[in-house]
Amino acid sequence: MASSTKLSFSRFNAPVTYDTKLQNVPTLIVSVNAQLPKTSTFIQLPGFYDFNPANGGLPFGGPQNTIQINQDLNVLKGKHSMQFGGQYLYLQANNAYGAYAQATEQVGVNRTAGLQNLVTGDLFQFQAAVNPNGALPCVINPYTGTLTRTPACSINLPATQPNFARSNRFHDWAVYAQDSYRLTSRFTFNYGVRYEHYGVQHNNKKDLESNFYYGSGGNLFQSIRNGQVFTTPKSPIGGLWKPQWGTVSPRIGFAFDVFGTGRTSIRGGFGISYERNFGNVTFNVIQNPPNYAVVVVNNTRITTSNAGPLGGASGSVPLPPTSLRHVDQNIRTAQTQFWDAALEQQLAHNTMLSLQYAGARGLHLYDIKNINALGSGNVLLGDPRSDSSGNTGLTRLTNQYSNINNRGSNGDSYYQAMNIQFQSTNLHNSGLSLVANYTLAHQIDDLSTTFSETNNAFALGYLQPFNPGFDRGNGDLDIRHRLVVAPIFRTPSFAGGNRFLAQTVGGWQVTGIYTVRTGTPFSYFDSTNNNSGYQVARYTPRGGAVPQRTFKSIPNGQTVGGLISYVFGNLPPAVSFGNPALGGISDWGPFPATMVSRNSFRGPGAWTFDASVSKTFPIHEKVNIEFRAEGFDLLNHHNLFIQQGLNDVANVDPGDPLPITASKGGIGNNSGANDERRFGQFALKINF
4 MASSTKLSFS RFNAPVTYDT KLQNVPTLIV SVNAQLPKTS TFIQLPGFYD FNPANGGLPF
64 GGPQNTIQIN QDLNVLKGKH SMQFGGQYLY LQANNAYGAY AQATEQVGVN RTAGLQNLVT
124 GDLFQFQAAV NPNGALPCVI NPYTGTLTRT PACSINLPAT QPNFARSNRF HDWAVYAQDS
184 YRLTSRFTFN YGVRYEHYGV QHNNKKDLES NFYYGSGGNL FQSIRNGQVF TTPKSPIGGL
244 WKPQWGTVSP RIGFAFDVFG TGRTSIRGGF GISYERNFGN VTFNVIQNPP NYAVVVVNNT
304 RITTSNAGPL GGASGSVPLP PTSLRHVDQN IRTAQTQFWD AALEQQLAHN TMLSLQYAGA
364 RGLHLYDIKN INALGSGNVL LGDPRSDSSG NTGLTRLTNQ YSNINNRGSN GDSYYQAMNI
424 QFQSTNLHNS GLSLVANYTL AHQIDDLSTT FSETNNAFAL GYLQPFNPGF DRGNGDLDIR
484 HRLVVAPIFR TPSFAGGNRF LAQTVGGWQV TGIYTVRTGT PFSYFDSTNN NSGYQVARYT
544 PRGGAVPQRT FKSIPNGQTV GGLISYVFGN LPPAVSFGNP ALGGISDWGP FPATMVSRNS
604 FRGPGAWTFD ASVSKTFPIH EKVNIEFRAE GFDLLNHHNL FIQQGLNDVA NVDPGDPLPI
664 TASKGGIGNN SGANDERRFG QFALKINF
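Okay, here's the thing in structure tokens:
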């Protein structure tokens, strides 16, 4: 029997520095991720974060303190190897986040509209953070635009900025038990269970914390219409959201030596794991009134005032509808069910061939979607398009608020993969070792990332926020074929031989990693008739013909917009959908049956080659120097990546074919994961 207790404390702090002179300057954005036609160059206007209004916000950062206690007990008894234990985790996140501290002014819903509005001075959407000082927004008449003003929804001018700092605390704990039972000399069975609880976020100053809570009603839509914002002490459920219990994680597995020779084995297993919510998904409730308000004004004029319509010098004004960051009070804990099996065969000494299968199902995956977009009241609750005076308008489920970015758990995913692995160590005593993996896989989901970070989504959340399954298709990172070859060669050490050779030639290790894969999927969108910036329809081909679905190479070496941008091909012209019953907007459908499915196209493949050289030089029996040199993208190969920010019908003249444009990943181009360049690094380390 062995017992271990571990107590740990960590503190992490990553402050962000910036020019505070620009802190109160609005950010001007043409449209989300707008690029110059047929190039990979973003259109950049004044402001800190001028590509996407959902990004940025300064100040940002702060210390995070973590206290963790682990207790583990190991027991060996007969054929059993048992483990028991528990864990307690206390997390204190002290963060400041100036969400919309710099007002964002999105000029147009797409690039074309944005460039036109830039000339006329019109603005698609203005968003800014103000301190409502305890007020909740006034209800707006969607037909006349008039606010129903009361003292409870009025604020004094000039509007000031809210408190951007919060100190959120979490209490998590878990217990587990597992056993490895060696039934026979050839068969081992593993089984166990873990219970994990993730505590609800709470602030050290509870009155600063608020959320939107559903009201009464016969369905979800009515519950949203009758819902209201409360601070945590006044919450109808007694907290920010309801805690979830019953997060039990069973695990089983086995290993079977088929012939008892140790050369052929079968392994398999099944388990369930859970994942806590994270980061800005829940922290962003900071943006909710009555202590913080993100004012959203549509169809106004470009302004240099960081407070926009609330920038007056004196008096009081009604607080217009504000946006909300709503953590669903019934949010579930994300769960993954996974299973695997493997057949392993030893081919020769230190050489193994393995056939592996892995599968996974994601349930209750975290998502963010707008549940209160313009038109939701008309479509989901049957609100009329006009009032008794003949004024027309689009209504929301609740007209007291603008966009409600709901943090829920409706995501769903499937993953299956077959992998063939070849592994050999010191092949025929040559000093050469090799690991090679070929993987055939398929990922299906309805949303690949919580924040819809990839341009595959083009907008936040689902096309139909209350019907996630409508977006089921290839995952954003679905890679069907992947081959990874990693050779390792070690030169002879010449131990006991020529000392000069031992120091200069012996003991060097050369490692390489070659990776080649097929392309990732992408979608083509149509924001021509989009009204909200959410729920952007996908491309509908004219005539309903199914277009080419895979784009692998550059036709005839065609170059457009510079030496690194290429047109891979064209899709047939589009038919832009609009619903006449809603004034011609496309946000709420019903969508044409010929509209392409999510991620129905696929881009080019990619390959990379990295290598390293290392050697340890002994100085003393207790001292040595380790040399290591690493080269990345050693052959300076630039892969091609689809410019997904250009995949919008609205960027193309009506009736024209739709170009599929790609750029070569290189320094200064397609920054981030696609920023490819050859570079090397060297290191010397003294070990003693």
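4 is the number of the first residue of the sequence shown in my numbering; add one for each residue after it.
The C-beta atom is built at its ideal place from N, Cα and C for all residues, glycine as well.
Beta-carbon spacing of residue i, residue j below 8 Å
i, j, result
"residue 95", "residue 170", "yes"
"residue 374", "residue 227", "yes"
"residue 251", "residue 179", "no"
"residue 692", "residue 378", "Past the edges of the chain, shown from 4 to 691, lies residue 692, and the structure says nothing about it."
"residue 686", "residue 601", "no"
"residue 279", "residue 125", "no"
"residue 319", "residue 160", "yes"
"residue 376", "residue 135", "no"
"residue 301", "residue 127", "yes"
"residue 414", "residue 471", "yes"
"residue 181", "residue 132", "no"
"residue 26", "residue 105", "yes"
"residue 372", "residue 464", "yes"
"residue 120", "residue 65", "no"
"residue 93", "residue 205", "no"
"residue 542", "residue 599", "yes"
"residue 530", "residue 607", "no"
Where residue i sits in the DSSP three-state scheme
i, result
"residue 640", "coil"
"residue 245", "coil"
"residue 316", "coil"
"residue 123", "helix"
"residue 283", "helix"
"residue 648", "helix"
"residue 463", "coil"
"residue 18", "coil"
"residue 114", "helix"
"residue 288", "helix"
"residue 431", "helix"
"residue 321", "strand"
"residue 374", "coil"
"residue 24", "helix"
"residue 5", "strand"
"residue 224", "helix"
"residue 680", "coil"
"residue 208", "coil"
"residue 691", "coil"
Presumed contact (8 Å Cβ cut-off) between residue i and residue j, rounded CB distance
i, j, result
"residue 636", "residue 679", "6 Å"
"residue 268", "residue 259", "6 Å"
"residue 417", "residue 364", "6 Å"
"residue 232", "residue 215", "5 Å"
"residue 309", "residue 110", "Not confirmed; about 17 Å, so no contact."
"residue 629", "residue 615", "Residue 629 to residue 615, Cβ: 12 Å. No contact."
"residue 288", "residue 369", "Between residue 369 and residue 288 the Cβ distance is about 14 Å, and since that is not below 8 Å, they are no contact."
"residue 213", "residue 293", "7 Å"
Chain B within 8 Å of residue i, Cβ atoms only
i, result
"residue 91", "Absence of chain B from the displayed structure is noted, only one protein chain being present."
Segment limits, alpha helix (DSSP H) that includes residue i
i, result
"residue 380", "379-384"
"residue 31", "Unbroken run through residue 31 is the beta strand (DSSP E), 30-32; no alpha helix (DSSP H)."
Range covered by the beta strand (DSSP E) that runs through residue i
i, result
"residue 601", "First-last for residue 601: undefined, no H or E at that position."
"residue 192", "190-200"
"residue 664", "661-667"
"residue 507", "No beta strand (DSSP E) holds residue 507; the alpha helix (DSSP H) holding it covers 502-507."
"residue 215", "213-216"
"residue 109", "107-109"
"residue 74", "66-80"
"residue 613", "609-623"
"residue 633", "626-635"
"residue 272", "267-278"
"residue 253", "251-260"
"residue 658", "Run containing residue 658: none; DSSP gives neither H nor E here."
Subject >> Contact the region 144-163 vs the region 328-337: 3+ CB pairs below 8 Å >> reply: no
Subject >> the region 484-493 contacting the region 428-441, beta-carbon criterion three pairs below 8 Å >> reply: yes
**OP:** Determine contact between the region 625-642 and the region 84-102, defined as no fewer than three beta-carbon pairs at a distance below 8 Å.
**Re:** no
Original post:
How about the region 425-434 and the region 448-464: do they share at least three Cβ pairs that are nearer than 8 Å?
Top reply: no
Original post:
Per the contact definition of three or more C-beta pairs closer than 8 Å, is the region 505-517 in contact with the region 598-614?
Top reply: yes
**OP:** Could you say if the region 334-347 and the region 533-550 meet the contact criterion of at least three C-beta pairs nearer than 8 Å?
**Re:** no
**OP:** Flag this pair as touching only if the region 66-86 and the region 6-24 have three or more C-beta atom pairs under 8 Å; answer yes or no.
**Re:** yes
Original post:
Do the region 655-662 and the region 566-582 make contact, defined as three or more Cβ pairs closer than 8 Å?
Top reply: yes
Original post:
Quick check: the region 81-88 against the region 176-190, are there 3 or more CB pairs under 8 Å?
Top reply: yes
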